[in-house]
Amino acid sequence: MRFMLFVKANEGSEAGELPDDEGAARVGELIEEMAAAGVLLAAEGLKPSSAAKRVTYSEGKVSAVTDGPFAEAKELVAGFCWIDVPSWDQALAWTTRFAAAAGEGVVEIRPLYEVSDFPEDVLPPEAAAREQSLRDALTEKLTAH
């Protein structure tokens, strides 16, 4: 199962503060462990929303482009980790290890849709095969770096 772990922003991350040396080292070591264990697909920190743009669209057309910063830091994402593990239990175990390394904060864990989640009337077998092939190629590209 693939999961996206969203690290929620806080006042410090929204101010552009970077973690201290010890915190960065602890998280870096965990990221290396996750990569070595073969569960990590990607992990990145995000710059604050003051460096972002929010695009609003409706009926296939962009209706607004808003420059950051955005008001509610607790609803923003400061970083993410994309993992592939066999179960929710393992996703929670890795998140627990991240919490221990990071010290404090909030992480939201969300499972990703898999091709197999879509019924044939929504994603016919030929389209599902193409979609899976594309996902496999992109994952291989990610993990090759």
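1177 is the number of the first residue of the sequence shown in the numbering used here; add one for each residue after it. From the three backbone atoms N, C-alpha and C, an ideal C-beta is built for every residue, glycine too. Remember, it's a predicted structure, so these values are computed and weren't measured experimentally.
Below 8 Å between beta carbons: does that hold for residue i and residue j?
i, j, result
"Gly1255", "Glu1220", "yes"
"Pro1245", "Glu1187", "no"
"Glu1248", "Phe1182", "no"
"Pro1264", "Met1210", "Residue identity differs from the one stated: residue 1264 is Trp in this sequence, not Pro. Taking 8 Å as the Cβ cut-off, Trp1264 and Met1210 do not qualify as a contacting pair."
"Arg1306", "Met1180", "no"
Classify residue i as buried or exposed, calling it buried when 16 or more other Cβ atoms lie within 10 Å of its own Cβ.
i, result
"Val1282", "exposed"
"Pro1224", "buried"
"Val1298", "exposed"
"Leu1310", "exposed"
"Val1238", "exposed"
"Ala1267", "buried"
"Ala1340", "There is simply no residue 1340 to check, as the chain begins at 1177 and stops at 1321 in what is shown."
"Leu1252", "buried"
What residues in its chain sit with their C-beta under 8 Å from that of residue i, if we drop five residues either side in the sequence?
i, result
"Leu1217", "Arg1178, Trp1258, Ile1259, Asp1260, Thr1315, Leu1318 and Thr1319"
"Val1215", "Ile1259, Asp1260, Val1261, Gln1266 and Trp1270"
"Ser1226", "Glu1190, Gly1192, Gly1244 and Pro1245"
Residues in the same chain with beta-carbon distance under 7 Å from residue i, minus the five sequence neighbours each way, listed in chain order, please.
i, result
"Ala1135", "The structure shown does not extend to residue 1135, since the chain spans only 1177 to 1321, so no value can be given for it."
"Ala1240", "Thr1232"
Report all residues from its chain with a CB closer than 6 Å to the CB of residue i; omit the five preceding and five following residues, and keep chain order.
i, result
"Thr1242", "Arg1230"
"Ala1304", "Val1291"
"Ala1228", "Gly1244"
Worksheet entry | Length at least 3, wholly inside the stretch 1272-1302: the beta strand (DSSP E) runs in chain order | 1283-1287
Practice prompt. Say whether the stretch 1192-1209 touches the stretch 1270-1280, bearing in mind that this needs 3 or more beta-carbon pairs closer than 8 Å, one atom from each stretch.
Written response: yes
Practice prompt. Would you list, in sequence order, the uninterrupted alpha helix (DSSP H) runs of no fewer than 4 residues that lie entirely inside the stretch 1188-1228?
Written response: 1197-1212
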